[in-house]
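Report on the structure given below.
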Ligand code: FO1
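Numbering (the numbering used here), first residue to last: -19 to 284.
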């Protein structure tokens, strides 16, 4: 199964999916536009959340970082008057050190991710959307800032006027991503924020034309008019979309076939098949239930 992921919504689905189908049958294409160099090392939050989820070490209270991690280096840096823009755990930091060292030695982000995947014993394929740097920038009334500054330093509080992806026009999807997207009939878009988590993957040249030829299932990260978590509402509004499952469908209107919405959601849409189930993944069991439901919607080649 091919799954597009970013942020924290889709990893919750992956936590269930890995118990429902063989992990090696899962390929995850991951957003990299929120990546950032911090203290000399490369942090890829969305890749790491996916890797840690498969490895069973994700901190499920926050859905980023490693569970029971310590923050000695981060706190010691603070004592030295050095304030990191992201609070990095000690174990988590080792991931960033290894990745950065590989990149400095001319490996691609795809190769670095593959090395980390193998070291962590993850059997699923985890593919960064691109090997090129892309940065999500949030336009606020006072300044334009990196997504991580908006989310962490400013706590997601400023009004959002616009969201842009720096360097998107020169970034290319990797050959592995194109090959993976082309290889299967059905593509699943996880319940992630459609603007900053999935939007950058869709913004890469050549991705939408492939999706237009596929059976695309998306899971709405919104119930009623509220995102299940994170800043999706503010960001969707800034891009002119209604904060609702209908708004999510609109974000994907060029290629979407099926939208999975929560059973409490009243969404009705012409031209798109809506299916309802419980999309709140408050436990591993709930993640598995949703994963089983999604697996049931996947079209195998013979269903064509
Ligand atoms: N989110 C926070 O709210 N505060 C942090 O200090 C923070 C640090 C951090 C470190 C590593 C990492 O992989 C993620 C981290 N996040 C932190 C989460 C991150 O900002 C976002 O959840 C993702 O970028 C969402 O896609």
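Here a beta-carbon is modelled for each residue, glycine too, at the ideal position from N, C-alpha and C.
Distance check between residue 151 and each of 195, 89, 131 and 201 places 89 closest, using alpha-carbon atoms only. The beta-bridge partner set that DSSP reports for residue 127 is empty. Measuring C-alpha to C-alpha distances from residue 173 to each of 77, 18, 49 and 182 identifies 182 as the nearest. Beta-bridge pairing by DSSP links residue 108 to 10. With a cut-off of 8 Å on Cβ pairs, the stretch 209 to 222 is not in contact with the stretch 257 to 265, counting fewer than three such pairs. Bridge partners of residue 207 according to DSSP: 202. When beta bridges are read from the DSSP output, residue 97 appears opposite no residue.
A contact between stretches requires three or more CB pairs, one per stretch, nearer than 8 Å, and the stretch 90 to 109 meets this requirement with the stretch 28 to 38.
Excluding sequence positions up to five before and after residue 142, its CB lies within less than 7 Å of the CB of 119 and 218, all in the same chain and listed in chain order.
With a contact defined as Cβ atoms closer than 8 Å, residue 107 and residue 9 qualify at about 5 Å. Per the coordinates, the alpha-carbon of residue 18 lies some 43 Å from the alpha-carbon of residue 249.
Between residue -19 and residue 168, the CB-CB gap stays under 8 Å. For residue 157, no beta strand (DSSP E) run applies; the uninterrupted alpha helix (DSSP H) run containing it begins and ends at 155 to 163, by DSSP. Close CB contacts of residue 161 within its chain, under the 6 Å cut and outside five residues either way in sequence, are with 190 (chain order). Taking a contact as a CB-CB distance under 8 Å, the pair residue 171 and residue 201 counts as one, their CB atoms being some 4 Å apart.
Every unbroken stretch of the beta strand (DSSP E) spanning 3 or more residues and falling wholly within the stretch 18 to 80 is given here in chain order: 21 to 23. Distance from the Cα of residue 149 is smallest, within the candidate group 131, 82, 110 and 203, for 110. A Cβ-Cβ contact shorter than 8 Å links residue 228 with residue 198. DSSP places residue 239 in the uninterrupted beta strand (DSSP E) bounded by 238 to 242. Relative to the ligand FO1, the nearest heavy atom lies less than 7 Å away from the CB of residue 67. About 5 Å separates the beta carbon of residue 166 from that of residue 195, a gap short enough to meet the 8 Å contact definition. Separation of residue 180 and residue 62 (C-alpha to C-alpha, rounded to the nearest whole angstrom) is 31 Å. For the pair residue 56 and residue 65, the Cα-to-Cα distance works out to about 14 Å. For residue 117, the enclosing beta strand (DSSP E) starts and ends at 115 to 119. Rounded to whole angstroms, the Cβ separation of residue 30 and residue -9 is 6 Å, and the two are in contact under 8 Å. Using a cutoff of 7 Å, the CB of residue 17 does not count as near the ligand FO1, since none of the ligand's heavy atoms is closer than that.
Distance from residue 74 to residue 209 at the Cβ level is roughly 27 Å; contact not present, criterion being Cβ atoms closer than 8 Å.
Taking the Cα positions, residue 253 is about 26 Å away from residue 265.
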